[in-house]
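Engineer: In my numbering, the protein residues as written are 1168 to 1633.
Beta carbons: idealized from backbone N, C-alpha and C, even for Gly.
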């Protein structure tokens, strides 16, 4: 072969190799873009707000709640007890005054309300008893999104060893002065901000008698047709100072199969492998992502079950009405410091006292709650009518959805069916559909809306459509 021809062949081979390398590089870059790990960026305003949370303010709140002596739902509510600063009635009035104080500081931005009802006698209530939930509403500023609601709650009632004992001390510092303090602290720091959607800061009573307060409130929300997208229930988030405690972890419990699912829906969930993709599970994953973005001091530990064994919490009342709800609880509880008369017995100190509460830990849990509330209330509405086309036997995946209020673009997220959290993301701009070269048989998909500032909605898992 002539030297000139050989040089030409080498040049063509080199050019082809370079072209192939560039194409492979482009494909790798495309693959990387499609399969990037889902990451959100911190909003500087949210970061600034949550860092105004104060462990000292948390301490003052919990100590004030403890000062009411016995906050049993069936304890005194009369004027005389109120003037003496004792009983559930005095605690109720003080919580309401705190919400009103926060509202005054922000120019009347909070609507402070009560939800009172008469609970009839039952296992833990001997006579008809008035139960009052106290809450504050921070209305959304976007007329198209203000009807969307996210909510944080804790219960302000307490108990000791005997459910009917309303005379001995029932300090309830951790259970659930800590959760009440989280709701109040979230109201204090977030009331200084404005959000497109609405936030409700709730404290309920009647939890120790059988979730009475939350059951009534959730029923009211359902009856009135509230668009309640997320409920964050904080119960026993005091970080009890026991040797086995891990102050870097807060457990987040969430139900799997929705409580209100019909037999047909359960059959569909089983067919799709969606046992871990209830709205509450998506909320739990959202909390975990918020924790990665905004906090390094406390990490959400997702527990994929409704609650602890032999126990229950107020999020269940909302789950029963079809609302997404999760429970925050410290990593390791000390049962000597819950539902116990204050005493020392055989060298063991019993009672739910402030001395056992880690106020820095409660403040971190409050920051996690506040960041989650602010992120959800800042985000667009979740996309609706999310569908996966299953008309043909094919390996590709085609998704469609309807536009969401406030959305600038959308993200398709997916994970292996065996993975607990979202692993990959692809941004979709200028369209309400997506075609992906990924087999729907092998992964779980979700679609979420994203606004121009990068706030993300809760993801919605698509339903198959033939």
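Going straight from the alpha carbon of residue 1493 to that of residue 1321, what length do you get?
Structural biologist: Your numbering for residue 1493 matches position 326 in the chain shown. Your numbering for residue 1321 matches position 154 in the chain shown. Residue 1493 and residue 1321: Cα-Cα distance of roughly 12 angstroms.
Engineer: Quick one: using the 10 Å Cβ neighbour count with 16 as the cut-off for buried, is residue 1299 buried or exposed?
Structural biologist: Against the chain shown, residue 1299 aligns to sequence position 132. Buried, since its Cβ has 16 or more Cβ neighbours within 10 Å.
Engineer: According to the Cβ coordinates, are residue 1255 and residue 1336 closer than 8 angstroms?
Structural biologist: Locating residue 1255 in the chain shown gives position 88, counting from the first residue. Locating residue 1336 in the chain shown gives position 169, counting from the first residue. Not a contact, by the Cβ cut-off of 8 angstroms.
Engineer: Please return the same chain residues whose Cβ sits closer than 7 angstroms to the Cβ of residue 1629, not counting the five positions on each side in sequence.
Structural biologist: If you number the chain shown from 1, residue 1629 lands on position 462. Here the set comprises 1553, 1554, 1555, 1566, 1612 and 1614.
Engineer: Taking the C-alpha atoms as reference points, what is the distance between residue 1230 and residue 1605?
Structural biologist: Here residue 1230 refers to the residue found at position 63 when the chain shown is read from its first residue. Here residue 1605 refers to the residue found at position 438 when the chain shown is read from its first residue. Their backbone Cα atoms lie some 55 angstroms apart in a straight line.
Engineer: Let me know the secondary structure DSSP gives residue 1367 once reduced to three states.
Structural biologist: Within the chain shown, residue 1367 is the residue found at index 200, counting from 1. In the structure shown, residue 1367 sits in a strand (DSSP, three-state: E or B).
Engineer: Excluding the five sequence neighbours on either side, which residues of its own chain have a C-beta within less than 7 angstroms of the C-beta of residue 1633, listed in chain order?
Structural biologist: For this step, residue 1633 is matched to residue 466 along the chain shown. These residues qualify, in order along the chain: 1557 and 1558.
Engineer: Between the beta-carbon of residue 1391 and the beta-carbon of residue 1573, is there less than 8 angstroms?
Structural biologist: As a working note, residue 1391 is residue 224 in the chain shown. As a working note, residue 1573 is residue 406 in the chain shown. No, the Cβ-Cβ distance between residue 1391 and residue 1573 is not below 8 angstroms.
Engineer: Would you please state the rounded distance, in angstroms, between the beta carbons of residue 1496 and residue 1366? I believe it to be under 8 angstroms.
Structural biologist: For the purposes of this step, residue 1496 is identified with residue 329 of the chain shown, where counting begins at 1. For the purposes of this step, residue 1366 is identified with residue 199 of the chain shown, where counting begins at 1. With a Cβ gap of about 22 angstroms, residue 1496 and residue 1366 do not count as contacting.
Engineer: Is the beta carbon of residue 1602 sitting closer than 8 angstroms to the one on residue 1563?
Structural biologist: As a first step, residue 1602 is located in the chain shown; it is residue number 435 there, counting from the start. As a first step, residue 1563 is located in the chain shown; it is residue number 396 there, counting from the start. Cβ distance < 8 angstroms, so residue 1602 and residue 1563 count as in contact.
Engineer: From 1490, 1621 and 1502, pick the residue whose C-alpha is nearest to that of residue 1477; which is it?
Structural biologist: Position 310 of the chain shown, counting from 1, holds the residue named residue 1477. The shortest C-alpha separation from residue 1477 is found at 1502.
Engineer: Return the residue from the list 1537, 1516 and 1528 that minimises the CA-CA distance to residue 1215.
Structural biologist: Counting from 1 along the chain shown, the entry for residue 1215 is found at position 48. Of 1537, 1516 and 1528, the residue nearest in Cα terms is 1537.
Engineer: Enumerate in chain order the residues of its own chain whose CB-to-CB distance from residue 1225 is below 7 angstroms, with the five nearest sequence positions on each side excluded.
Structural biologist: As a first step, residue 1225 must be located in the chain shown, where it is residue number 58. Around residue 1225: 1348, 1352, 1526, 1529, 1530 and 1533.
Engineer: Are residue 1426 and residue 1487 close, meaning C-beta to C-beta below 8 angstroms?
Structural biologist: On the chain shown, residue 1426 is found 259 positions in, with the first residue counted as 1. On the chain shown, residue 1487 is found 320 positions in, with the first residue counted as 1. It is a contact, given that the beta carbons lie within the stated cut-off.
Engineer: Closer than 6 angstroms by C-beta to residue 1484: which residues in its own chain qualify, once you throw out the five before and the five after it? Chain order, please.
Structural biologist: As a first step, residue 1484 must be located in the chain shown, where it is residue number 317. Excluding residues within five positions, the ones whose Cβ falls inside 6 angstroms are 1378, 1381, 1382 and 1385.
Engineer: Hey, how far is the Cα of residue 1395 from the Cα of residue 1436?
Structural biologist: Residue 1395 sits at position 228 when you count from the first residue of the chain shown. Residue 1436 sits at position 269 when you count from the first residue of the chain shown. Going from the Cα of residue 1395 to the Cα of residue 1436 covers about 22 angstroms.
Engineer: Which residues share a DSSP beta bridge with residue 1566?
Structural biologist: Counted from its first residue, the chain shown places residue 1566 at position 399. Looking at the DSSP assignment, residue 1566 forms a beta bridge with 1555 and 1601.
Engineer: Check this for me: beta carbons of residue 1454 and residue 1539, under 8 angstroms apart or not?
Structural biologist: Mapped onto the chain shown, residue 1454 falls at position 287. Mapped onto the chain shown, residue 1539 falls at position 372. Result yes, Cβ atoms of residue 1454 and residue 1539 sit closer than 8 angstroms.
Engineer: DSSP on residue 1632, reduced to helix/strand/coil?
Structural biologist: Along the chain shown, one-based indexing puts residue 1632 at 465. The answer is strand: DSSP assigns residue 1632 an E or B state.
Engineer: Between 1260, 1422 and 1314, which has its C-alpha nearest residue 1283's C-alpha?
Structural biologist: Sequence index remark: in the chain shown, residue 1283 carries index 116 (1-based). The shortest Cα separation from residue 1283 among 1260, 1422 and 1314 belongs to 1260.
Engineer: Does residue 1511 pass the burial test, meaning 16 or more other C-beta atoms within 10 Å, or should it be called exposed?
Structural biologist: Counted from its first residue, the chain shown places residue 1511 at position 344. Burial call: exposed.
Engineer: For residue 1343 versus residue 1420, is the C-beta spacing smaller than 8 angstroms?
Structural biologist: Within the chain shown, the letter at position 176 stands for residue 1343. Within the chain shown, the letter at position 253 stands for residue 1420. In this structure, residue 1420 does not lie closer than 8 angstroms to residue 1343 by Cβ.
Engineer: Take residue 1359 and list the residues in its own chain whose beta-carbon comes closer than 7 angstroms to its own, dropping the five residues that flank it on each side.
Structural biologist: Residue 1359 sits at position 192 when you count from the first residue of the chain shown. Cβ neighbours of residue 1359 beyond the five flanking positions: 1216 and 1273.
Engineer: State the start and end residues of the unbroken alpha helix (DSSP H) segment that holds residue 1211.
Structural biologist: By 1-based counting over the chain shown, the position of residue 1211 is 44. Run containing residue 1211: 1211 to 1217, per the alpha helix (DSSP H) assignment.
Engineer: Starting from residue 1515, trace the beta strand (DSSP E) in both directions and tell me its first and last residue.
Structural biologist: For the purposes of this step, residue 1515 is taken as the residue at position 348 of the chain shown. That run of the beta strand (DSSP E) goes 1515 to 1517.
Engineer: For residue 1496, which three-state DSSP category applies?
Structural biologist: For this step, residue 1496 is matched to residue 329 along the chain shown. Reduced to three states, the DSSP call for residue 1496 is strand.
Engineer: Between residue 1545 and residue 1362, how many whole angstroms is the CB-CB distance? I'm expecting something under 8 angstroms.
Structural biologist: Within the chain shown, the letter at position 378 stands for residue 1545. Within the chain shown, the letter at position 195 stands for residue 1362. The Cβ separation is near 6 angstroms, so the contact holds.
Engineer: Would residue 1625 and residue 1449 be called neighbours here (beta carbons separated by less than 8 angstroms)?
Structural biologist: Stepping through the chain shown from its first residue, residue 1625 is reached at position 458. Stepping through the chain shown from its first residue, residue 1449 is reached at position 282. The answer is yes: Cβ separation under 8 angstroms.
Engineer: Taking the alpha carbon of residue 1204 as the reference point, which residue from 1583, 1287 and 1631 has its own alpha carbon closest?
Structural biologist: As a position in the chain shown, residue 1204 is number 37, starting the count at 1. When each option's Cα is compared against that of residue 1204, the closest is 1583.
Engineer: Quick check: what's the CA-CA separation for residue 1268 versus residue 1368?
Structural biologist: For the purposes of this step, residue 1268 is taken as the residue at position 101 of the chain shown. For the purposes of this step, residue 1368 is taken as the residue at position 201 of the chain shown. If you take the alpha carbons of residue 1268 and residue 1368, they lie about 14 angstroms apart.
Engineer: Residues in its own chain within less than 8 angstroms of residue 1263 by CB, not counting five upstream and five downstream?
Structural biologist: Position 96 of the chain shown, counted from the first residue, corresponds to residue 1263. Only 1279, 1281 and 1301 meet the Cβ criterion.
Engineer: Would you decide whether residue 1569 is buried or exposed? Buried here means 16 or more other CB atoms lie within 10 Å of its CB.
Structural biologist: Within the chain shown, the letter at position 402 stands for residue 1569. The residue is exposed, with fewer than 16 neighbouring Cβ atoms inside 10 Å.
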